[in-house]
Amino acid sequence: MGRRGRCRLNSTESVPPARPTLRRLTAVLLAVLCAGYAVGAGFGWGSCELALVMGDFGLAAAALAAALSCLAHGIAVGGHTRPAWLLFGLSSAVVAFGNGVWGWYEVVLGRPLPPDSAADYPFLLFAPLAITGLLVLAQRPRNPAGWLCLVLDAWLVAGSLFTLSWSLALGRVAAGDGDDPLKLALGLGYPVLDILLVSLVVGLNVRGRDRNRAAVHTAMIGLAVTVVCDALFTTPQFHSDYHSGELLDAGWFAGSLLLAWAPWSHTRRPSREHPSTQGVPRRRVASTFSALTPYAAAAVCTAGILYNALGGRPLDRVMLAAASTVGLALIIRQGVMLLDNLSLAQELSTKETHFRSLVQGSSDVIMIAGPSGALSYVSPAALRVYNRDPEDLVGGNLLNLVHPEDVDRVLAEVRRILARARGARFHNGEPSARVECRIRSGEGDWLHVESTVNPYRDGLILNSRDITERVRLQAQLQHNAFHDPLTDLPNRALFAHRVRAALSAQGPAGTAVAVLFLDLDGFKAVNDTAGHQVGDELLVQAARRLQTAVRAEDTVARFGGDEFAVLVRGRLGHPQVRDLAERIRGALSEPYWIAGGELGVAASIGIAFGPEAPLPVPELLPGEDEDAHARTVESRAAAAADELLRNADLAMYQAKSRGKGRVVLYTPAMRAELDRRGELEERLRAAVREGSFALLHQPVVELVGGRLTGVEAQARWRSAEGMLLTPAEFLRTADTGDGATRFARWLVTEAVAAAARRRADGPAAPPVPVTVRLAAERLCAPGMYETLAGALRDTELPPDLLVLEVSRMGPDALADELGRRLAAFRRLGVSTALAGFGTGGGSLGVLARMPFDALKLDRSLVQDIADSTLTRALAGHALRLGRDLGLVTGADGVDHPRQVAVLQELGCRRGQGLAFDRPLDELRLRRALLRRGYPVPRPGQGHPGRRPLLTPEPRSGGLAEASAGRAGHLHGGLELPQRHAVGGSIGGPNGETSVPPA
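Residue numbering for the sequence shown follows the numbering used here, beginning at 3 and increasing consecutively.
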């Protein structure tokens, strides 16, 4: 191996390949260098000096480049390949050192290389390092038989090459150097190590993946070129006439450059490992090259023997022994291969039986179709799935089984799969697709079938399963998603979709879109009395009546509960749609006969019309995304549909508020009123949050004796100018919703806190009960009990100093809950009272069941009690009823002495109003509490023209709250009627009347 430097390489996957363009340019550059070196060597480099430089230092530079490339790649990569790269780099480095020593003698010192020089030993180290690197990269056999085959294959190659080399040159070298053992060892060591290196390259399976194949091939080519040059150099003809810089050096130069280029020559290729293996190693199938290797080795051995025999040379013992062992190894290898073939045949038979059982026992139908669609195989499952004999299907065309409406789609999908299979490689196995179509069964029905289609040779293989039940279930689920489960009418989602479509659709001139919202009046009573099952049956009958009353092209939907909707589209005017609504109302109001009984409900209907023209569709601007444009159009249609539905809903609630059982057409004023109420609701929440309310108290006086027995807490709204305004319309409008509940909690909390502060002041302000007036809905609101109990606990106010007045009984349906709440308040020690008696709803039976402690006449009875005999009689009976129930009686709105006198005669115990005092701020209230009473007239001494008692004169800049006529009533709670002052008024933003500040 006198002038040899080569390295065996294998790339790894951890280092990314070079860019394709750069890689091609580098390969071209290397090819130009090799060609230039070969041309220069062929012409002798022009001079002996240059030939020596290029033959010595040129080869050293090429080997050094290979060493640096291998070492750099070995340092950069990781994993099991790093030692191999480092060994390859070291092997090329020792070759570079050997060539450098050779050049030192020939070029620098100007004399030939002496025998047994220092250059021989580095060349001798190249092969062991390269062989060790190959062993690191080699795939180890998994069983003893594999190891035996590996040893036999290696010896077949090595023995054959050794036999041939011995017959050509090694025998004569050994005979010529027989007297010098060291020289003989060096002379035979180089070719023997080369033979071993070639044997490893041929016999070992180097670890690598498909994308590393280019690096492996490049390294093998470089190694082959180097070994060929070594073999030529070993022959006596070349060895005796060799000089540096000749054409043989071009081979070593090319081998070194190929080794230097090998680590960076690999390309990214998709793995050919089938995904079904899931990482499990598959049994390797021998390639043609590996199968013919033993026979090629035997042929080489035979050629060596024939060369000696035909040349008249004797067969020495070395050659005979080597040839005999090669023949013996070939026989053993043939026996091992025969046994391996038998094992493979058995394994193949087992797998074939296994897969045949899988195919025949599979619930899926497997079919193989040729390029024309002719079926060449149909699995037995076709008899079970399609109810058709597989033998009858074989030979027929696949498309004859497919539904005519699905043929074009199936053909398009098949062509797409075949085009993908021909035009590209796939990372995850073969290209496949799922195709759903209908296939005719043996009974003539169409079955929904899902098929996985894969290319198979020139045709297709289809794995099909029956999904008819799944398709039916999906259709049912989709129907259920857009239909009401009770009545099977479209639900809100489907109705909204159809409204959007109707608003966007183009129609003839005069086409109108209208939505009718319906609510069944009295349905809750049916549910409560007859039960939910009867209620459900009533809803089903109402849905059928609705469908009968409307036109065929109209859409009837149920939104939930007892709410229905109808979508009307056509050339209809407002009168025609109203007539349709009246017809629907009449049909729904007819008696219902369910479970042998007659039931009745009415219908409140609201009508809203959409825009007369279809919704404009904006044009698609240049460069605008089509999906974004479609979303914009859809959002506009959805907004218009939502507005139309809200308008119809608002009109329906107007129909219910006007007495139910009627039809109301939506007008823009309804929306304005709703917006105004929403604004007032927001103002109420803001006023509570920002502390814009102030608390006043109006005294409650004993009508006999004038003793001050309590105060009633009343709220006032503090305007931006600092004036206190009665909430009036502000609170009446916001008597529902979260804002009213927040205000009620604030009123309770502030009244309790103010009472606790007065009590804490001691004798300067003797404590009296404070009354808080609330509507029944506010008392029953969630959290009200906790708010009141927490206020009493936090302020330590005795519960007997708090009175809760119910200003309005509310509907009878609320009576049970109200009774439970009042009982809970009384268990806390809080007194309860009924205010506003004599007006509003609420039955006397409900009154008898309520745990009240007191009863207060409404101001509507008190205002005419001195002038109207009828009013006086009604008030007397009401007071007598309260006394009979054991309640403390009182009156509200007592503004004149004559009213005080009449109430005294009727036996009323307490009263409050302008006849005693107006609502007071905290300072005036404390003064009144210190007085502890007010003068009251004795019975029969009322004066019709006299001003109310204890009413102060109007202040400068202020306004008296009394009047000779009827005075407005100021009270707390959530239903304060608007009050008008005598001599003018100072109004708030909603018509409120100002109250002079303290």
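Beta carbons are placed, not taken as given, at the ideal position from N, Cα and C, and that holds for glycine. This one's a predicted model, so the numbers in the text were calculated from it and none came from an experiment.
Around the beta carbon of Thr352, a 10 Å sphere encloses fewer than 16 other beta carbons of the protein chains shown; the residue is thus reported as exposed. Inside the region 798 to 870, DSSP marks whole alpha helix (DSSP H) runs of 4 or more residues at positions 817 to 829, 846 to 851 and 861 to 864, from first to last along the chain.
Counting only the Cα atoms, Asn343 lies some 42 Å from Leu259. At a Cβ-Cβ threshold of 7 Å, Gly91 and Gly76 count as neighbours. The three-state secondary structure of Arg760, taken from DSSP, is helix. Asn389 carries a coil assignment under DSSP once its states are collapsed to helix, strand and coil. Short of 8 Å from the beta carbon of Ala640, and not among the five residues preceding or following it, lie these beta carbons of its own chain, in chain order: Ala498 and Arg502. Per the DSSP secondary-structure output, Phe611 pairs in a beta bridge with Ala516. A straight line joining the alpha-carbon of Val227 with that of Ser345 spans about 39 Å.
For Glu471, the enclosing alpha helix (DSSP H) covers residues Thr470 to Ala483.
Going by C-alpha positions, Asp677 is about 20 Å away from Val690.
Annotation for Cys50: the continuous alpha helix (DSSP H) segment containing it runs Cys50 to Val55.
Residue range Trp448 to Tyr458 is occupied by the beta strand (DSSP E) that includes Leu449. With a beta-carbon spacing of about 7 Å, Arg761 and Leu799 fall inside the 8 Å limit used to define contacts. Looking at the DSSP output, Gly572 shares a beta bridge with Ala514.
With contacts defined as CB atoms closer than 7 Å, Ala86 and Ala252 fail to qualify as a contacting pair. A check of alpha carbon separations from Arg687 across Glu51, Arg747, Val552 and Ala903 identifies Arg747 as the nearest.
Straight-line spacing of the CA atoms in Pro406 and Leu341 works out to 56 Å. Take Leu131, set aside five residues on each side of it, and the residues of its chain with a beta-carbon closer than 8 Å to its own are Leu89, Phe90, Leu92, Ser93 and Val96, in chain order. Burial state of Trp266 is buried, judged by a 10 Å Cβ sphere holding 16 or more other Cβ atoms. Per DSSP, the beta bridge partners of Thr891 are Leu857. Taking all protein chains shown into account, Ala632 has fewer than 16 neighbouring C-beta atoms within 10 Å of its C-beta and is therefore exposed. Annotation: the continuous alpha helix (DSSP H) that includes Ser93 extends over Arg84 to Gly105. Beta-bridge pairing by DSSP links Leu698 to Gln716. Glu565 sits in a strand when the DSSP states are folded into three classes.
Less than 7 Å separates the beta-carbon of Cys231 from that of Trp254. Leu647 is the residue among Gly575, Ala856, Leu647 and Ala893 whose C-alpha sits nearest the C-alpha of Ile607. Membership of Trp263 in the alpha helix (DSSP H) is indicated by the continuous run Leu249 to Trp263. Taking 7 Å as the cut-off, the beta carbon of Ala589 is found closer than this to the beta carbon of Arg547. When DSSP states are grouped into helix, strand and coil, Arg553 belongs to the coil group. If you check the CB distance, Gln914 and Gln700 come in under 7 Å. Taking Met786 as reference, the option from Ala755, Asp886, Arg744 and Leu804 with the minimal CA-CA separation is Arg744.
Remark: three or more beta-carbon pairs, one from each stretch, lie closer than 8 Å, so the region 887 to 897 and the region 850 to 861 are flagged as touching. If you draw a straight line from the Cα of Pro146 to the Cα of Cys72, it is about 33 Å long. Minimum Cα-Cα distance from Pro620 among the listed residues Leu749, Ile609, Glu636 and Gly612 corresponds to Glu636. DSSP places Val690 inside the alpha helix (DSSP H), whose first and last residues are Pro670 to Glu692.
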